[in-house]
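Q:
There are 2 protein chains.
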Amino acid sequence: MPVMTDFDLRDLPQRELADGEVRIANRWLSVDPYMRGRMNDVKSYVPPFQLDAPMDGGAVGEVIESKAADLPVGTRVQHMAGWRDEAIVPAKGVNKLPDIDLPEQAFLGALGLTGMTAWFGLLAVAEAKAGDTVFVSAAAGAVGSVVVQIAKAKGMTVIGSAGGAEKVEWVRSLGADHVIDYKGDVPLVKALGAAALDGIDVYFDNVGGDHLDAALAHANQGARFAICGMIDGYNASQPTSLRYLMRVIAARIRIQGFIVSDFMGRIAEFQQGMGEIVAGGNFQREETVVEGLENMPDAFLGLFSGQNKGKMLVKL
Amino acid sequence: MPVMTDFDLRDLPQRELADGEVRIANRWLSVDPYMRGRMNDVKSYVPPFQLDAPMDGGAVGEVIESKAADLPVGTRVQHMAGWRDEAIVPAKGVNKLPDIDLPEQAFLGALGLTGMTAWFGLLAVAEAKAGDTVFVSAAAGAVGSVVVQIAKAKGMTVIGSAGGAEKVEWVRSLGADHVIDYKGDVPLVKALGAAALDGIDVYFDNVGGDHLDAALAHANQGARFAICGMIDGYNASQPTSLRYLMRVIAARIRIQGFIVSDFMGRIAEFQQGMGEIVAGGNFQREETVVEGLENMPDAFLGLFSGQNKGKMLVKL
Chain B
1 MPVMTDFDLR
11 DLPQRELADG
21 EVRIANRWLS
31 VDPYMRGRMN
41 DVKSYVPPFQ
51 LDAPMDGGAV
61 GEVIESKAAD
71 LPVGTRVQHM
81 AGWRDEAIVP
91 AKGVNKLPDI
101 DLPEQAFLGA
111 LGLTGMTAWF
121 GLLAVAEAKA
131 GDTVFVSAAA
141 GAVGSVVVQI
151 AKAKGMTVIG
161 SAGGAEKVEW
171 VRSLGADHVI
181 DYKGDVPLVK
191 ALGAAALDGI
201 DVYFDNVGGD
211 HLDAALAHAN
221 QGARFAICGM
231 IDGYNASQPT
241 SLRYLMRVIA
251 ARIRIQGFIV
261 SDFMGRIAEF
271 QQGMGEIVAG
281 GNFQREETVV
291 EGLENMPDAF
301 LGLFSGQNKG
311 KMLVKL
Chain D
1 MPVMTDFDLR
11 DLPQRELADG
21 EVRIANRWLS
31 VDPYMRGRMN
41 DVKSYVPPFQ
51 LDAPMDGGAV
61 GEVIESKAAD
71 LPVGTRVQHM
81 AGWRDEAIVP
91 AKGVNKLPDI
101 DLPEQAFLGA
111 LGLTGMTAWF
121 GLLAVAEAKA
131 GDTVFVSAAA
141 GAVGSVVVQI
151 AKAKGMTVIG
161 SAGGAEKVEW
171 VRSLGADHVI
181 DYKGDVPLVK
191 ALGAAALDGI
201 DVYFDNVGGD
211 HLDAALAHAN
221 QGARFAICGM
231 IDGYNASQPT
241 SLRYLMRVIA
251 ARIRIQGFIV
261 SDFMGRIAEF
271 QQGMGEIVAG
281 GNFQREETVV
291 EGLENMPDAF
301 LGLFSGQNKG
311 KMLVKL
């Protein structure tokens, strides 16, 4: 587990913009579990963070100086130079926010990479369809809470897991048919068995560990597991222990890891589909907002103890 | 682990044949790891064995009495009433052996369900193709040794694992590019890393446990794992411990369990393709033959300590 002294808030020297660059005042910073992986010095799908260099991540802000003709001062944009209050970014690394009647930080959440992760993980990777029973772990989290709502909008039965009475109640309010309190007294594998009397067809994994094992125990024939995250394992030195792994054979389970960036070519499909769900009027966005750049490490570490309900954001 | 006293050799009363039935003198009995699963009283893809009733499994024999017109006395057949010296089977449960110049027991091995398991696991489930690097565990086993040879015939690089110098040498003689002795001093994950300098694209799993973990550690982007068996786990009361499971996400690994019976509708594809490989003349069949029905439990238990090289068979 990272500690506060691993982080440092530093002033960096200003510099002039080069042609094609914009200076952005960040308003909202995205705080995501995957960032933990970038703190390990290993080859992965994104390069590791470098020591003594700024970290990055999703951000929404406003152009305050521009040497790019199509991004005039005042443009609201989304980009990947987060973890800082001001950023210089080339125009090609910047997306203008569409003119939609939603708060701008939604483009870091349900209408941004978080929503895309939920959409393609559920519908493309796990191939979930109407009538399926879907189990979603960390269903009160940023991705999980969107998965629950997409699944309900598409006619699935949804079982969510969340930690503590307040989150359980909130996930129920999103439309989940059953919600398991993983901090409760009943072992997860039993609780899932009681909730999924006919088994599960799809598992959307944000947690790994015991959640994955419970899903293996109750998977139906031909079940599909979309492995989005394993927050239980990011800081663990112990191996994952699975009692029900052998069921992959008899139940012909498919376990598939994915990264949302694999689906960038299908972003239009997401924007259209998610736009329809949001336009339906029942969609719920929840945010846990921490104020101030200096509190970003706190917000980040809070992800691993479940401090967030919905999307964790830092507001500048 | 089952023990000898779990088995009993019993004389059953004779009975007359009904119309459409044949009486078969079994010559060869198939001994397979999957039978261990049928000893657990759980719902699975085949019903569990029943206490005080004969077990069954693949067998090859000769019709010695017939009330089925198309199966006259003397017909050589394959069927599923094994674990016994004589069987009464309805004609629809019996396959005539084709007239091919191969020993009849080959239809329990490379040209039977064992070969089909190798064929469809490698080519359909794992979608292995020319140029892929394929890791096969238990490569000296019945299924593994066929996987090695199919993969080489199809232009793949093959890394096998086997236990002990003699089996390692044999797997090398089948054409494997690298063979790891899993009983050696080097931890499996290191040995696989040294053999697979460019990683693995496909893992054909017959073992589970440490083998699966090593495959996770060295899987390339988009690697496909076909989970055929987990002989390490059949008799284990301990959960499987995986240190590298999180790599499914970053490497987008697909883990897919399968059962050969899912592919019965594609048997012609197997017979044609495997027939061509066998006709090529380089195909090696190896058998470990135990004599006598009374020694069938010994042969079966031997599977779990790696007593077999190639297909384990009992000859009557």
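Protein chains in written order, with full-length UniProt numbering: chain B, 1 to 316; chain D, 1 to 316.
Glycine included, each C-beta is placed from N, C-alpha and C at the ideal position.
1) Is the separation between the beta-carbon of B:L111 and that of B:L313 shorter than 8 Å?
2) Take every Cβ of the stretch 97-112 of chain D, pair it with every Cβ of the stretch 50-64 of chain D, and state whether three or more of those distances are shorter than 8 Å.
3) Quick one: which chain D residues come within Cβ less than 9 Å of B:S241?
4) List the residues of chain B whose Cβ lies closer than 7 Å to the Cβ of D:I227, in chain order.
5) When you compare the CB positions of D:N235 and D:M1, do they come within less than 8 Å of one another, or not?
6) Using the rule of at least 16 other Cβ atoms within 10 Å of the residue's Cβ for burial, across every protein chain shown, is D:D213 buried or exposed?
7) So, helix, strand or coil for D:W83, using DSSP?
8) Within the continuous alpha helix (DSSP H) that includes B:G61, where are the two ends?
9) Given this structure, state the Cα-to-Cα distance separating B:P47 from B:C228, to the nearest angstrom.
10) Let me check one thing: in DSSP terms, what residues is residue 360 of chain B bridge-paired to?
11) Run down chain B in chain order and give the residues with a C-beta less than 9 Å from the C-beta of D:G233.
12) According to the neighbour-count rule (16 or more other Cβ atoms, all chains shown, within 10 Å of its Cβ), is D:P33 buried or exposed?
13) Sorted by chain position, which residues of the same chain lie with C-beta nearer than 7 Å to B:R172's C-beta, five sequence neighbours on each side aside?
14) Ignore the nearest five residues each way along the sequence and tell me which others in B:A18's own chain have a CB closer than 6 Å to its CB.
15) In terms of residue numbering, what span does the beta strand (DSSP E) encompassing residue 323 of chain D cover?
16) Please tell me whether D:M230 has its Cβ less than 8 Å away from any Cβ of chain B.
17) According to DSSP, which residues form a beta bridge with D:A25?
18) For a contact defined as C-beta to C-beta under 9 Å, what are the partners of D:D262 on chain B?
19) Quick one: measure Cβ to Cβ for D:L197 and D:V248, integer angstroms, because I've assumed they're closer than 8 Å.
20) Are B:V260 and B:L102 touching if we call contact CB-CB under 8 Å?
21) Pull the bridge partners of residue 317 of chain D from the DSSP assignment, please.
22) Checking the sheet assignment: what are the DSSP bridge partners for D:Q78?
23) Is the separation between the beta-carbon of B:G175 and that of B:K152 shorter than 8 Å?
24) Look at the alpha carbon of B:I88 and the alpha carbon of B:V77, and state the distance between them as a whole number of angstroms.
25) If I measure Cβ to Cβ from B:R254 and keep anything under 6 Å in the same chain, skipping five residues before and after, which residues do I get?
26) Determine, using beta carbons only, whether D:F225 comes closer than 8 Å to chain E.
A: This is what the structure gives:
1) no
2) yes
3) Q238, P239, T240, S241, L242
4) V248, I249
5) yes
6) buried
7) coil
8) Run containing B:G61: none in the alpha helix (DSSP H); it sits in the beta strand (DSSP E), 59-66.
9) 18 Å
10) The structure shown has nothing for residue 360 of chain B, since chain B only spans 1 to 316.
11) L245, M246
12) buried
13) V179
14) none
15) Residue coverage of chain D in this structure runs from 1 to 316, which leaves residue 323 of chain D outside it and unanswerable.
16) yes
17) D:E62, D:E86
18) R252
19) Incorrect: roughly 22 Å between the Cβ atoms, too far for contact.
20) no
21) A question about residue 317 of chain D goes unanswered here, because the residues of chain D that appear run from 1 up to 316.
22) D:V60, D:N95
23) yes
24) 12 Å
25) R224
26) The structure shown contains no chain E; its protein chains are B and D.
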